[in-house]
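Read through the structure below, which is laid out as structure tokens, and then see the notes.
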Amino acid sequence: MASQDSMQAVEAQDFSIDALKLVTRPIPKPRRGEILVRVRAATLNYRDIAILVEKYLPTLGLPYVPASDASGEVVEVGEEVTRFKVGDRVMPIYTQGWHDGKPTPEQRTKRTLGAPLSGVLQEYIVVPAEDAVAKPAHLDDVEAATLPIAALTAWSTLQEGDVKPGDVVVVQGTGGVSLFALQFAKLAGAQVIVLSSSDDKLRRARDLGAAVGINYRTTPDWHLAIKESTGGRGADVIVETAGASLNKSLAALAFGGFIGVVGFVAGYEATIPVRQLIGPMTRIQGIAVGSRTRFEAMNRAITAHKLRPVIDSVFKLEDAAKAFRHMKSGQHFGKIGVTL
Ligand SMILES: NC(=O)c1ccc[n+]([C@@H]2O[C@H](COP(=O)([O-])OP(=O)(O)OC[C@H]3O[C@@H](n4cnc5c(N)ncnc54)[C@H](OP(=O)(O)O)[C@@H]3O)[C@@H](O)[C@H]2O)c1
């Protein structure tokens with residue numbers, strides 16, 4: 009039980025879901041320029057599972073507090089903080105210090121919340137005031153906690169892909185990034201093709217506005233199905249969360265199309281036919297979440313359109329292991345939240 013100076017947190021004491029333990033830690037103090045945030049909700053990303061179960065960051069020290077994405081309330085501000093005041097609702101940015109343009113390699117590898125920086129499955133966290141953004145007013149805490157990685161990654165991919173009305177956008181799977189990409193692509197006036205392992209999830213994706221659903225299990229040649237459903241033209245933008253299917257994505261692309269390489273749920277290796285890049289003037293780019301400026305631009309769009317994230321399920325902090333197991337099972341549609 010936490011006292012006045014201590015809080016509850018979830019620690020991974022080994023690289024295993026069974027090693028997640030509810031512990032007591034001291035409440036941190038904000039220093040100059042920092043804010044103390046009472047975390048109200050967190051959400052899980054595939055990265056959190058990859059780190060915990062697949063040793064995605066094998067040199068990470070134990071124990072560590074997992075998860076990157078949170079929303080909460082500012083409860084104390086350090087000296088010289090003007091960006092926020094006590095009572096403001098905020099979300100810490102994932103890549104601390106990355107405010108605009110490109111991040112530094114150091115920010116990308118050493119300044120990310122949830123590893124190597126301490127994660128958000130704890131009742132209080134301290135971050136620099138400059139490294140948090142204001143919550144869109146219409147969202148609740150769990151909804152807001154979906155934005156720092158999943159939503160911003162989807163947003164960045166479509167921005168880099170220069171999505172325009174009438175474009176065809178392909179999203180792979182029905183997880184956090186993919187469903188945000190579906191929602192943002194619809195806002196941009198694009199047509200969306202969703203790939204999923206489940207016909208039921210494809211039905212739900214159509215309810216969200218997807219024009220076409222293709223089951224990648226029963227239609228392994230989904231690149232041909234994409235070509236067919238676009239009258240032979242192909243997709244303008246593919247949000248590649250699968251990774252290993254990059255060669256199929258190339259085959260599904262329209263002339264001058266764009267692939268934003270986001271993830272690796274199907275594996276880390278892909279073989280690329282080089283001529284398929286050159287002739288059709290294909291663009292492929294790695295995506296790494298996004299800057300604070302982009303986060304704020306995305307929040308303006310979310311606010312203007314009253315967009316609501318797709319929440320699959322919500323667990324309590326003490327049930328964090330159940331939340332991780334649920335994510336690992338792959339049954340989810342959208343985001344998995346944890347309330348604190
Ligand atoms: N680069 C970045 O900035 C960045 C940011 C966020 C995430 N990511 C990466 O993007 C990927 C997705 O992350 P997420 O948090 O959205 O994960 P998530 O919520 O767990 O969603 C993953 C989804 O992928 C689908 N999937 C599973 N196996 C697949 C396969 N073999 N081929 C195609 N789809 C498959 C499943 O959808 P169905 O059940 O519908 O089949 C699953 O729900 C991860 O690799 C993650 O590390 C990267």
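Residues 9 to 348 (the numbering used here) are what the sequence shown spells out, left to right.
By construction, the Cβ of each residue, glycine as well, lies at the ideal position given by its N, Cα and C atoms.
Assignment of GLU131 by DSSP, reduced to helix, strand and coil, places it in the coil class. Distance between GLN130 and ILE280, taken at the CA atoms: about 42 Å. Relative to ARG46, the option among MET335, ARG97, ALA198 whose CA is nearest is ARG97. By the Cβ rule, the segment 212 to 220 counts as touching the segment 193 to 203, because three or more pairs are nearer than 8 Å.
Cβ neighbours of ARG116 within its own chain (closer than 7 Å, five residues either side excluded): THR103, ALA296. Of SER206, VAL178, ASP207, the smallest CA-CA separation from ALA193 is found for VAL178. In terms of side-chain proximity, the C-beta atom of PHE272 is found nearer than 7 Å to a non-hydrogen atom of ligand 1. Per DSSP, PHE23 is not a residue of any alpha helix (DSSP H), being assigned neither H nor E.
In its chain, beyond the 5 residues on either side, ASP77, ALA153, THR154, LYS343, GLY345 have a beta carbon closer than 6 Å to the beta carbon of THR51. Restricting attention to alpha helix (DSSP H) runs no shorter than 4 residues, the segment 91 to 155 encloses them at 113 to 118, 149 to 152, ordered along the chain. With respect to the 8 Å criterion, ALA250 and GLN180 are classified as neighbours on the basis of their beta carbons. Relative to ligand 1, the nearest heavy atom lies less than 7 Å away from the CB of MET335. Here SER14 is near ARG33, since their CB atoms are less than 8 Å apart.
At a cut-off of 7 Å, the beta-carbon of THR117 does not count as near ligand 1: no heavy atom of the ligand is closer than that. Between the alpha carbons of HIS231 and THR238 lies a distance of about 11 Å. The Cβ-Cβ distance between VAL247 and VAL176 does not fall below 8 Å. Rounded to whole angstroms, the separation of the alpha carbons of LEU30 and LYS324 is 11 Å. If you look at GLY221, you'll find it in the beta strand (DSSP E) that goes 220 to 223.
Taking 7 Å as the cut-off, one finds at least one heavy atom of ligand 1 near enough to the beta carbon of GLN180. With fewer than 16 neighbouring CB atoms inside 10 Å of its own CB, SER337 falls in the exposed class. Within the chosen limit of 7 Å, ligand 1 does not reach the beta carbon of LEU254 with any heavy atom. By the 16-neighbour rule on beta-carbons within 10 angstroms, PHE332 is buried.
Residue state for VAL89 is assigned as coil, using DSSP reduced to three classes. For HIS334, the closest C-alpha among the options GLN21, ILE57, SER206 is that of ILE57.
For GLY184, no beta strand (DSSP E) encloses it; the enclosing alpha helix (DSSP H) starts and ends at 184 to 195. Secondary structure at THR279: coil, using DSSP grouped into helix, strand and coil. Nearest to GLY95 by alpha-carbon distance, out of ALA27, GLU236, ALA142, ARG55, is ALA142. Residues ASN53, SER76, ASP77, TYR102, VAL297 of the same chain have their beta carbon placed closer than 6 Å to that of ILE157, with the five preceding and five following residues left out of the count.
Between the alpha carbons of VAL89 and GLU81 lies a gap of roughly 15 Å. Residue pairing for LEU30: DSSP places it in a beta bridge opposite VAL18. Using a cutoff of 7 Å, the CB of ARG55 counts as near ligand 1, since one of the ligand's heavy atoms is closer than that. Residue side-chain check: THR249 places its Cβ nearer than 7 Å to a non-hydrogen atom of ligand 1. In the structure shown, the three-state DSSP call for SER79 is strand. Nearest in C-alpha terms to VAL134, of all of LYS209, TYR72, PRO38, GLY294, is PRO38.
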